[in-house]
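Colleague: Pasting a structure below so you can have a look.
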Amino acid sequence: MAASSLLLLIDDIATIMDDVATLSKLAAKQTSGVLGDDLALNAQQVSGVAAERELPVVWAVAKGSFKNKAILVPAALAISAWAPWAVTPLLMVGGAFLCFEGFEKIAHKYLHSAEELSQQHAALKAAALDPQQDLLAFEADKVRGAVRTDFILSAEIIAITLGTVAASSFTTQVLVLSGIAIVMTVGVYGLVAGIVKLDDAGLYLSRRPGQASQAIGRMLLAAAPWLMKALAIAGTAAMFLVGGGILAHGLPFLHGLPALLGAALGPLQWLGELLSNGLIGVVAGALTLAGVSGVQRLRRGFGGGKAA
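Numbering (this note's numbering), first residue to last: 2 to 309.
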């Protein structure tokens with residue numbers, strides 16, 4: 002669970018970095034007249050963007066995570082005291098949302114025509130070349146999406162923690178929940194910050210004297226983009242695993258499926274449960290996306306008919 006949550010958060014932050022870097026690089030090319038495709042120069046430009054914006058982005062999401070937990074801890078205590086029946090349905094809504102986001106990421110290019118995707122790219126390029134475009138405002142909008150994902154993951158962590166201390170005194174519950182919230186946020190986002198600064202560490206080592214340091218630095222520089230791409234893919238998979246796991250535990254007719262498939266695989270029981278949760282997540286994501294798309298079409302049709 003912790004590993005899947007971490008991958009999800011890294012995926013969101015990597016997506017933000019990619020969008021902000023796209024805007025920044027397009028603007029830099031326009032203002033400096035850099036039209037070539039020189040890899041070394043582009044590496045320097047991307048590194049400059051990373052050094053300036055990576056940690057602020059991580060810090061912005063981390064602050065949002067702290068705010069999420071400041072809301073969730075009191076809310077969890079209140080729900081546990083007065084409406085314990087509501088915990089599972091609320092978690093399942095969050096799980097369905099994660100599955101929806103994961104499937105929407107995969108299906109995005111198939112849900113939009115080539116013309117629509119071209120228009121989106123053109124709009125992004127126009128925004129980069131617009132002197133009035135506030136990149137920080139653009140970035141803040143992306144950060145809000147990452148904070149929403151963190152809210153769901155934080156809610157599940159808080160709910161699991163609350164379940165372990167349900168029989169304890171109220172004071173103990175408050176202390177344990179608060180402690181877990183702080184430690185998880187600091188630990189997770191500290192690790193995320195280290196991962197996204199890997200390329201800067203490589204650049205630093207590549208400039209130090211000594212062949213060994215330079216070789217390690219070049220290796221890190223070469224590996225960093227591939228690592229972020231791999232983490233982005235793993236993050237999307239984690240959406241299905243986490244979301245599917247929540248739904249499997251919350252729906253009685255699905256509850257035994259992961260254990261059943263796991264038992265069928267014998268020594269690879271963990272793999273069976275993982276695949277089962279992932280399959281449930283993919284199916285739930287497809288159904289949720291189909292439902293959302295259908296509602297959107299109906300609303301557009303109703304709006305068009307009303308306007309006519």
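All C-beta atoms, glycine included, are put in the ideal place defined by N, C-alpha and C.
Since we're looking at a predicted model, the values are computed, not measured.
1) Quick check: what's the CA-CA separation for Tyr111 versus Ser294?
2) In chain order, what residues of the same chain lie with their CB nearer than 8 Å to the CB of Gly279, ignoring the 5 residues before and after it?
3) In terms of residues, what are the limits of the alpha helix (DSSP H) holding Arg219?
4) Please report how far the alpha carbon of Arg209 lies from the alpha carbon of Val187, in whole angstroms.
5) Give a single yes or no on whether Leu275 has its beta carbon closer than 8 Å to a heavy atom of the ligand HEM.
6) Using three-state DSSP, classify Gly257 as helix, strand or coil.
7) Any contact between the stretch 174-184 and the stretch 86-103? By contact I mean 3 or more CB pairs, one from each, below 8 Å.
8) If we ignore side chains and look at the alpha-carbon of each, how far apart do Ala264 and Arg298 end up?
9) Using C-beta distances below 6 Å, list every residue in its chain close to Gly103, excluding the 5 sequence neighbours before and after it, in chain order.
10) Can you list, in chain order, the residues of its chain with a C-beta nearer than 6 Å to that of Ala61? Leave out the 5 residues immediately preceding and following it.
11) Grab the span of the alpha helix (DSSP H) containing Val184 for me, first residue to last.
12) Using three-state DSSP, classify Ser269 as helix, strand or coil.
13) Tell me whether Lys230 is buried or exposed, calling it buried when 16 or more other Cβ atoms sit within 10 Å of its Cβ.
14) Which same chain residues end up closer than 6 Å to Ile77 when comparing Cβ atoms and leaving out the 5 residues on each side of it in sequence?
15) One question on the structure: do Asp201 and Glu55 come within less than 9 Å of each other, judged by their Cβ atoms?
16) Can at least three beta-carbon pairs, one atom from the stretch 247-260 and one from the stretch 83-95, be found at a separation below 8 Å?
17) What does the alpha-carbon distance come out to for the pair Ala260 and Gln270?
18) Using the three-state DSSP reduction, which class does Ala84 fall into: helix, strand or coil?
19) Look at Leu206 and Ile217 and say whether their C-beta atoms are less than 9 Å apart.
20) Using the three-state DSSP reduction, which class does Ala202 fall into: helix, strand or coil?
21) Out of curiosity, what's the CA-to-CA distance linking Thr172 and Val74?
22) Three-state secondary structure (DSSP) at Arg301?
23) Quick check: Gly211 and Val148, are their CB atoms within less than 9 Å of each other?
24) Could you tell me how far apart the beta carbons of Leu228 and Gly203 are, in whole angstroms, since I believe they sit closer than 8 Å?
25) Give the C-beta separation of Ala225 and Leu199 to the nearest angstrom, bearing in mind that I take them to be a contact with Cβ-Cβ under 8 Å.
26) Shortest alpha-carbon distance to Ser170 belongs to which of His256, Pro57, Ser81 and Val283?
27) With 16 other CB atoms within 10 Å as the buried threshold, where does Ala71 fall?
28) Helix, strand or coil: which one does DSSP assign to Val94?
29) Quick one, which of Met185, Leu290, Ile153 and Ile161 has its alpha-carbon nearest His109's?
Modeller: Let me lay it out:
1) Here residue 111 corresponds to residue number 110 of the sequence shown, with the count starting at 1. Here residue 294 corresponds to residue number 293 of the sequence shown, with the count starting at 1. A direct Cα-Cα distance of roughly 13 Å separates Tyr111 from Ser294.
2) Working through the sequence shown from its first residue, we reach residue 279 at position 278. The beta carbon of Gly279 sits closer than 8 Å to those of Ala238, Phe241, Leu242 and Gly245, all from its chain and outside the five residues before and after it, given in chain order.
3) Mapped onto the sequence shown, residue 219 falls at position 218. Unbroken alpha helix (DSSP H) run through Arg219: Gln212 to Gly251.
4) In the sequence shown, the residue the question calls residue 209 occupies position 208. In the sequence shown, the residue the question calls residue 187 occupies position 186. Cα to Cα, Arg209 sits roughly 31 Å from Val187.
5) Absent from the structure shown: the ligand HEM. Ligands present: none.
6) Along the sequence shown, one-based indexing puts residue 257 at 256. It is coil, neither helix nor strand.
7) Judged by pairs of C-beta atoms under 8 Å, the stretch 174-184 does not touch the stretch 86-103, as fewer than three such pairs exist.
8) Residue numbering aside, residue 264 sits at position 263 when the sequence shown is read from its first letter. Residue numbering aside, residue 298 sits at position 297 when the sequence shown is read from its first letter. Looking at the two C-alpha atoms, the distance is approximately 43 Å.
9) Against the sequence shown, residue 103 aligns to sequence position 102. Counting only residues of its own chain and dropping the five nearest sequence neighbours on each side, Gly103 has a CB closer than 6 Å to the CB of Thr237, Met240, Phe241 and Gly286.
10) Here the question's residue 61 lines up with position 60 in the sequence shown. These residues qualify, in order along the chain: Val144.
11) Position 183 of the sequence shown, counting from 1, holds the residue named residue 184. Val184 -> alpha helix (DSSP H) spans Phe171 to Val197.
12) Position 268 of the sequence shown, counted from the start, is the residue given in the question as residue 269. Strictly speaking, residue 269 in this sequence is Leu, with Ser absent from that position. Per DSSP, reduced to three states, the secondary structure at Leu269 is helical.
13) Numbered from its first residue, the sequence shown carries residue 230 at position 229. Label assigned to Lys230: exposed.
14) Against the sequence shown, residue 77 aligns to sequence position 76. Note on residue identity: the sequence assigns Ala, not Ile, to residue 77. Hits under 6 Å: Ile159 and Leu163.
15) Taking the first residue of the sequence shown as position 1, residue 201 is located at position 200. Taking the first residue of the sequence shown as position 1, residue 55 is located at position 54. Contact annotation: Asp201 and Glu55 have beta-carbon atoms nearer than 9 Å.
16) Touching, yes.
17) In the sequence shown, the residue the question calls residue 260 occupies position 259. In the sequence shown, the residue the question calls residue 270 occupies position 269. If you draw a straight line from the Cα of Ala260 to the Cα of Gln270, it is about 8 Å long.
18) The residue given as residue 84 occupies position 83 in the sequence shown. Looking at Ala84 - three-state DSSP - the assignment turns out to be coil, as it is neither helix nor strand.
19) Reading the sequence shown from its first residue, position 205 is the one you call residue 206. Reading the sequence shown from its first residue, position 216 is the one you call residue 217. In this structure, Ile217 lies closer than 9 Å to Leu206 by Cβ.
20) Position 201 of the sequence shown holds residue 202. Ala202 falls in the helix class under three-state DSSP.
21) Mapped onto the sequence shown, residue 172 falls at position 171. Mapped onto the sequence shown, residue 74 falls at position 73. If you take the alpha carbons of Thr172 and Val74, they lie about 13 Å apart.
22) Looking up residue 301 in the sequence shown gives position 300. Of the three classes helix, strand and coil, the one that applies to Arg301 here is helix, per DSSP.
23) Translated into positions along the sequence shown, residue 211 becomes position 210. Translated into positions along the sequence shown, residue 148 becomes position 147. Taking 9 Å as the Cβ cut-off, Gly211 and Val148 do not qualify as a contacting pair.
24) Position 227 of the sequence shown, counted from the first residue, corresponds to residue 228. Position 202 of the sequence shown, counted from the first residue, corresponds to residue 203. In fact, because the Cβ distance is near 11 Å, the residues do not count as touching under 8 Å.
25) Along the sequence shown, read from residue 1 onward, the residue named residue 225 stands at position 224. Along the sequence shown, read from residue 1 onward, the residue named residue 199 stands at position 198. Indeed they touch by this definition, with Cβ atoms about 5 Å apart.
26) Within the sequence shown, residue 170 is the residue found at index 169, counting from 1. Comparing Cα positions, the closest option is Ser81.
27) Taking the first residue of the sequence shown as 1, we reach residue 71 at position 70. Label assigned to Ala71: exposed.
28) Position 93 of the sequence shown, counting from 1, holds the residue named residue 94. The three-state secondary structure of Val94, taken from DSSP, is helix.
29) Counted from its first residue, the sequence shown places residue 109 at position 108. Residue nearest to His109 within the set Met185, Leu290, Ile153 and Ile161 is Leu290 (criterion: CA-CA distance).
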